[in-house]
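In my numbering, the protein residues as written are 717 to 1011.
Spelled out as structure tokens, the structure:
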């Protein structure tokens, strides 16, 4: 374990106490109000958290400084790390199992699109904090991390739409070199030599999405690296199609696009999208950044 890892471990060990977590929740709940009034004082925050013992509360609040809470002019403000932790807990990322009550209302159902390799309909289901869409025999078309909060008050169709819209936003950030999860330096790159056997789209050229810092790393069809691009979204909208269609079904970008790779000194890719008599051409560099696009 590196010194940096030890420092991080010590910082998050602070959160093992329930009172400290309640302090973070109290500050997060004050976030909107604080812009119009002020952040809480020690006494106001202690009352909001519900701790009578002043010394005990002071100890826990001190433990949260300076990694999670800042003290400015006698008032207490949450740092971004505190807000992220509260958001993750409330999303169900922490503290909820993969088979909690929130998932019991999500029904597995058949989609209105077929497997590429057989006539069976793709099946969508939500389990273990993941949205899966795929063929029971031939593998997954989509396997996207989706916290329980996303599924709690939505139908399976709404979960699919939310997840695919989020994925398109993630790809857009990756094209800009930003990890959508940890904000680290990330990249899209090609070519990728192989993909897992369980992937449905195993006959199309793949790129790799990867972050230099966190866990993010997965294969992605090169045609999908233009997801979220305004020209793509406009093309699909003009054809009466939406973000889901660009990633699943007969109008999936990987199905309606021809991808050609150059083996010159600077590897590039050209994606030609053919959709209902419309054509859209993208030229990409080796990082999947869009060099040019045209109709």
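The C-beta atom is built at its ideal place from N, Cα and C for all residues, glycine as well. Keep in mind that this is a model prediction, so the values were computed, not measured.
Euclidean distance between Cα positions of residue i and residue j
i, j, result
"residue 844", "residue 777", "34 angstroms"
"residue 938", "residue 762", "53 angstroms"
"residue 802", "residue 743", "10 angstroms"
"residue 903", "residue 940", "14 angstroms"
"residue 988", "residue 795", "45 angstroms"
"residue 893", "residue 879", "21 angstroms"
"residue 746", "residue 808", "21 angstroms"
"residue 886", "residue 954", "23 angstroms"
"residue 758", "residue 926", "43 angstroms"
"residue 868", "residue 729", "29 angstroms"
"residue 881", "residue 943", "9 angstroms"
"residue 824", "residue 767", "45 angstroms"
"residue 755", "residue 749", "8 angstroms"
"residue 765", "residue 797", "19 angstroms"
"residue 799", "residue 945", "30 angstroms"
"residue 909", "residue 922", "8 angstroms"
"residue 1009", "residue 898", "29 angstroms"
"residue 806", "residue 866", "10 angstroms"
"residue 979", "residue 969", "23 angstroms"
"residue 829", "residue 952", "17 angstroms"
"residue 985", "residue 906", "9 angstroms"
"residue 997", "residue 928", "30 angstroms"
"residue 993", "residue 783", "56 angstroms"
"residue 734", "residue 826", "42 angstroms"
"residue 976", "residue 864", "39 angstroms"
"residue 1018", "residue 949", "Residue 1018 lies beyond the residue range present for the chain, which begins at 717 and ends at 1011; the question has no answer from this structure."
"residue 1006", "residue 999", "6 angstroms"
"residue 895", "residue 769", "43 angstroms"
"residue 960", "residue 1002", "26 angstroms"
"residue 852", "residue 916", "11 angstroms"
"residue 791", "residue 934", "43 angstroms"
First and last residue of the uninterrupted alpha helix (DSSP H) at residue i
i, result
"residue 883", "872-891"
"residue 969", "969-972"
"residue 1007", "Run containing residue 1007: none in the alpha helix (DSSP H); it sits in the beta strand (DSSP E), 1006-1010."
"residue 896", "Premise fails: residue 896 is in no alpha helix (DSSP H) and is neither H nor E."
"residue 825", "Residue 825 -> not in any alpha helix (DSSP H); beta strand (DSSP E) instead, spanning 825-830."
"residue 946", "946-954"
"residue 989", "Looking at the DSSP string, residue 989 is not in any alpha helix (DSSP H); the run it does join, the beta strand (DSSP E), is 985-991."
"residue 740", "734-745"
Residue interval of the beta strand (DSSP E) (run including residue i)
i, result
"residue 998", "994-1000"
"residue 794", "791-794"
"residue 841", "837-843"
Residue burial classification, residue i (beta-carbon count within 10 angstroms, cutoff 16)
i, result
"residue 1012", "Examination of residue 1012 is not possible in this model, given that the chain is present from 717 through 1011 alone."
"residue 674", "As displayed, the chain neither begins before 717 nor continues past 1011, which places residue 674 out of reach and without an answer."
"residue 788", "exposed"
"residue 912", "exposed"
"residue 914", "exposed"
"residue 732", "exposed"
"residue 850", "buried"
"residue 862", "buried"
Can you check the segment 909-942 for any alpha helix (DSSP H) of at least 4 residues that lies completely inside it and give the ranges in chain order?
none
Entirely within the segment 758-799 and at least 4 residues each: give me those alpha helix (DSSP H) ranges in chain order.
758-765, 770-780
- prompt: Looking at C-beta atoms only, is the number of pairs between the segment 832-839 and the segment 770-784 that lie closer than 8 angstroms three or more?
  reply: no
For the 8 angstroms Cβ check, are there 3 or more pairs between the segment 843-858 and the segment 962-976? yes
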